[in-house]
Amino acid sequence: MKETLKLFKIGGGVLDDDAQLHRFVQAFAQVPGRKILVHGGGKGASQMLSDLGIAPQMVQGRRITDAATLDVVTMFYAGKTNKQLVALLQASGVNALGLSGADGNVIRAVKRPVKDIDYGFVGDLPANSVDAATLHTLIQAELTPVLCAITHDGHGQLLNTNADTIASTVARALAGRYEVELHYCFEKNGVLLDVNDDNSVIPQIVPAQYQQLKADGVIAAGMIPKLDNAFAALEAGVEKVVIEHALNINEPIKTVLCRS
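Residue numbers (the UniProt record's numbering): 1 to 260.
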């Protein structure tokens with residue numbers, strides 16, 4: 001029987017608030033068993049860019065990463081944010097190891113091809129982009145990997161990769177060795193029937209129900225890509241996907257996505 005591995009992804013809502021970040025780390029430290037943490041960058045990178053006189057460029061919520069921007073987001077994601085998280089986790093009794101995709105060659109990406117938009121040094125993750133064996137070795141050594149959103153192409157070029165995509169891809173890659181639970185943590189209690197009512201959490205969603213909720217317009221806008229990605233992870237072998245509030249990961253209020 002496979003061990004359970006819980007992979008948590010956090011983003012800017014937690015990373016941008018010191019008090020919330022400390023609360024999340026304390027809650028994460030209480031999660032038993034094997035685990036991985038994947039994090040984005042929050043608003044701090046955009047602020048650093050502005051402070052340096054570099055105008056942040058976003059298209060449909062995705063960052064255009066030119067050479068100057070890549071330097072800054074690498075410093076912020078793989079440096080300040082990653083190491084701050086590792087230090088907080090160590091203080092909470094979690095033996096964490098901070099990694100970019102280049103470290104141990106754990107995530108190798110390819111530069112996104114130019115089509116309608118040139119995203120610059122943005123990395124996409126093809127099949128077999130994650131070195132599951134190395135991550136497995138670290139996990140079995142009682143280390144907790146903390147992965148940032150910086151990857152590499154294997155030829156010396158760092159790349160900026162979407163953290164949601166990293167979380168899903170790593171979860172899929174490890175599904176052959178573990179019963180993987182993928183936890184997307186954000187500022188809501190789960191998937192809501194009414195976006196204006198934080199208590200209207202849908203406790204469980206299966207694929208057919210998800211299609212109906214989309215057709216009825218209950219689930220729309222920015223939640224659709226996240227849930228599409230989540231159900232794709234389930235189809236690829238991930239045991240379950242959880243959508244929950246980042247500060248309540250040990251509480252029962254959440255949405256669990258299941259294959260059936």
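We put the beta carbon where it would ideally sit given N, CA and C, even for glycine.
Where does residue 204 fall in DSSP's three states?
strand
From what residue to what residue does the beta strand (DSSP E) around residue 98 run?
First-last of the beta strand (DSSP E) with residue 98: 96–99.
Is DSSP giving residue 235 helix, strand or coil here?
Residue state, collapsed to three classes: helix.
So what's residue 139 in DSSP terms, helix, strand or just coil?
helix
Taking only the alpha-carbon atoms, compute the straight-line gap between residue 197 and residue 217 and give it to the nearest angstrom.
So the alpha carbons of these two residues sit roughly 16 Å apart.
Can you tell me whether residue 154 is buried or exposed? The criterion is at least 16 other CB atoms within 10 Å of its CB, across all chains shown.
exposed
Whose CA, out of 192, 141 and 85, lies closest to the CA of residue 19?
The option with the nearest alpha carbon to residue 19 is 85.
Would you check if there are 3 or more beta carbon pairs closer than 8 Å linking the stretch 117–127 to the stretch 52–69?
yes
Selected residue, minimal CA-CA separation from residue 21, among 39, 32 and 4
39
For a test of the three-state rule: what should DSSP assign to residue 44, helix, strand or coil?
Look at residue 44 here: in three-state DSSP terms it is helix.
Measuring straight from C-alpha to C-alpha, what distance separates residue 239 and residue 36?
15 Å
Best match in 47, 112 and 41 for proximity to residue 9 [C-alpha to C-alpha]
41
Residue 270 - containing beta strand (DSSP E), residue span:
No answer is possible for residue 270: it lies beyond the span of the chain, which begins at 1 and ends at 260.
If you count every other CB in all the chains shown that lies within 10 Å of the CB of residue 260, and 16 or more means buried, which is it?
exposed
Taking all protein chains shown into account, do 16 or more other C-beta atoms lie within 10 angstroms of the C-beta of residue 208, making it buried, or fewer, making it exposed?
Exposed: under 16 other Cβ atoms inside 10 Å.
Taking C-alpha atoms, which residue in 107, 133 and 165 lies nearest to residue 183?
Ranking the options by Cα distance to residue 183, first place goes to 165.
Assigned secondary structure, residue 112 (DSSP; H/G/I helix, E/B strand, else coil):
coil
Reducing DSSP to helix, strand and coil, say where residue 35 ends up.
It is a strand residue.
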